[in-house]
Amino acid sequence: MPDIIDTHCHLTMSHYDPDRSDVIKRCLDSGVSRLITIGTDIDDSRMAIELAEKHDFIFAGIGIHPHDVKDIKNPEETYELLKSLASSKRVVAIGETGLDYHYMHSPKDIQQEHFRMHIEVARTLDLPLLIHSREAKEDTLNILSDTLTSGMRGVFHCFSGDMEMAEKALEMGFYISFSGVVTFKNANKILEIVRAVPLNRILVETDAPFLSPTPHRGKRNEPAYVRFVAEKVAEIKDLSIEETCKNIMTNAAELFKII
Ligand code: NI
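The sequence shown runs 88 to 346 under my numbering.
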């Protein structure tokens, strides 16, 4: 398997407590030569950075997940902490942040407020934004178009929107990241989007421990399985796996400044 990056996983989660070092070893054995582990609150972001400091090939994204923003007691303090954590050289992105109206674990207005705060941090620090958007197309695009200045960059992680949303995201200069969902049996809609997104804007991810691709669907996911996503992209784009992975690595290097 050629070198590939998992641009979005959650290796700090307790799902990996029993065997995290084995999971990390399997990444390297299967060609995952880079990965970005994403913190979902301040403590988890700290753990993501610690993990990235221990392994050369691991990098961290830090932020407060839209599910969890309702728990932010003192926003000023939280964002100061986030900014100071982001000074670590291992931090390559801010997020995941955005809007989730599917689960609605935090109220809409609170999610929107904190999405804007994350955008501000990313802009101040000149880091790419990891955008989570679920059933929140209009508000996500509005907030991004309100607040974006030229030069802002980022990725729609685990893309689940429609063609119009993909087109708007591309127009705004964002990358689009696909997860194991593209390997599912009923994936026709998302495969149309894989087909439409230019190769120089595609990223892949696992979102592990969630969303295991076929043939591991329903079990715990892990970064090594990102190859199933890359293989599906190669098939849809009618390219070799080598060429597909090479393009994805180049895209990730450009967006995250990972060499
Ligand atoms: Ni995630």
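Backbone N, C-alpha and C fix where the C-beta goes; we use that ideal spot for every residue, glycine too. If you're wondering where the values come from, they're calculated on a predicted model, not measured in any experiment.
Express the C-alpha separation of residue j and residue i in angstroms, rounding to a whole number.
i: Thr234; j: Met259; result: 12 Å
i: Glu329; j: Glu140; result: 29 Å
i: Arg121; j: His192; result: 31 Å
i: Arg133; j: Lys324; result: 38 Å
i: Arg314; j: Glu137; result: 26 Å
i: Ile151; j: Thr127; result: 5 Å
i: His102; j: Ala283; result: 35 Å
i: Pro89; j: Ile263; result: 21 Å
i: Asp158; j: Ile280; result: 35 Å
i: Leu186; j: Arg113; result: 32 Å
Quick one: is the Cβ of residue i within less than 7 Å of any heavy atom of the ligand NI?
i: Glu309; result: no
i: Ile263; result: no
i: His97; result: yes
i: Glu330; result: no
i: Asp155; result: no
i: Asp131; result: no
i: Glu294; result: Going by the sequence as given, residue 294 is Asp instead of Glu. Answer for Asp294: yes, Cβ within range of the ligand NI.
i: Glu183; result: yes
i: Ile125; result: yes
By the 10 Å Cβ neighbour count, where 16 or more other Cβ atoms means buried, how is residue i classified, buried or exposed?
i: Lys160; result: exposed
i: Ser174; result: exposed
i: Asn334; result: buried
i: Gly248; result: buried
i: Ile123; result: buried
i: Ala135; result: buried
Compare the C-alpha of residue i against each of the options and name the closest.
i: Ala156; options: Glu183, Arg107 and Cys114; result: A small fix is needed here, since residue 156 is Val in this sequence, not Ala. Minimum Cα distance to Val156 is reached at Glu183.
i: Lys195; options: Ala180, Leu168, Ser220 and Ala209; result: Ser220
i: Pro153; options: Ile289, Val242 and Gln199; result: Gln199
i: Leu342; options: Asp294, Glu222 and Val178; result: Val178
i: Thr94; options: Val269, Glu164 and Leu217; result: Leu217
i: Val316; options: Val208, Leu98, Ile111 and Val119; result: Val119
Residue ranges of each beta strand (DSSP E) within the stretch 136-160, 3 or longer: 145-149
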